[in-house]
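Undergrad: All you need for our numbering is the position in the sequence shown, starting with 1, plus 46.
We put the beta carbon where it would ideally sit given N, CA and C, even for glycine.
Bear in mind the structure is a predicted one, so any value in this text is a computation, not a measurement.
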Amino acid sequence: MDLLGVLSKSISLSDYLHQHIQIISEMTQEEFTYKNEYAITKTSSNYYNEICLQRKIAADSEVSVLGIEELSMAMANMSPDAPITMRFIDSPHWSGRIYFTTGQELIGVSIGRKINPDWKTPPDWDGSLKMTEDFNNK
47 MDLLGVLSKS ISLSDYLHQH IQIISEMTQE EFTYKNEYAI TKTSSNYYNE ICLQRKIAAD
107 SEVSVLGIEE LSMAMANMSP DAPITMRFID SPHWSGRIYF TTGQELIGVS IGRKINPDWK
167 TPPDWDGSLK MTEDFNNK
């Protein structure tokens, strides 16, 4: 199932996010699944700080991350203490994260092309290539 299909099955999407995810689905053109069964809940300010770091790392390494700008703006406009849940999502050539409220409403996504499709994403990945290399070259 494409990204839009996977998200639509379990999470509520606003009209804007439905269109946004549809565009990302068309860009990736792959079937996505949740990477694992667990979800991580933190405050929006915690996730906002992580997303800002990931944006900087992606910009410094000239890597495109789909959805990260919109996600960052959405997080910036939320109450800092709002509980946000994150899950990992995966496809053969793309990997990322989805963020949603405790009411199962999508906030946004960050999806990046895998540098090496055989590599696995570290569970506490900070968005850096070095951490990915270290994790996969153990």
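Return helix, strand or coil for Tyr25, following the three-state DSSP convention.
TA: In the structure as shown, the chain starts at 47 and stops at 184, and residue 25 therefore has no counterpart that could be examined.
Undergrad: Kindly identify the DSSP beta-bridge partner or partners of Arg133.
TA: In DSSP, Arg133 forms a bridge with Ile144.
Undergrad: Check whether the segment 67–86 touches the segment 154–172, taking contact to mean three or more Cβ pairs, one atom from each stretch, closer than 8 Å.
TA: Contact holds: three or more Cβ-Cβ distances are below 8 Å.
Undergrad: Mind reading off the beta-carbon distance from Gln85 to Met132? Whole number of angstroms is fine, and I expect it under 8 Å.
TA: Note that residue 85 corresponds to Ala in the displayed sequence, not to Gln. The Cβ separation is near 7 Å, so the contact holds.
Undergrad: In whole angstroms, give me the CA-to-CA distance for Trp140 and Ile114.
TA: Computed Cα separation, rounded: 14 Å.
Undergrad: Please report how far the alpha carbon of Pro168 lies from the alpha carbon of Tyr62, in whole angstroms.
TA: Each residue's Cα considered, the two are about 31 Å apart.
Undergrad: Would Ser54 and Gln150 be called neighbours here (beta carbons separated by less than 9 Å)?
TA: For Ser54 and Gln150, no; Cβs fall outside 9 Å.
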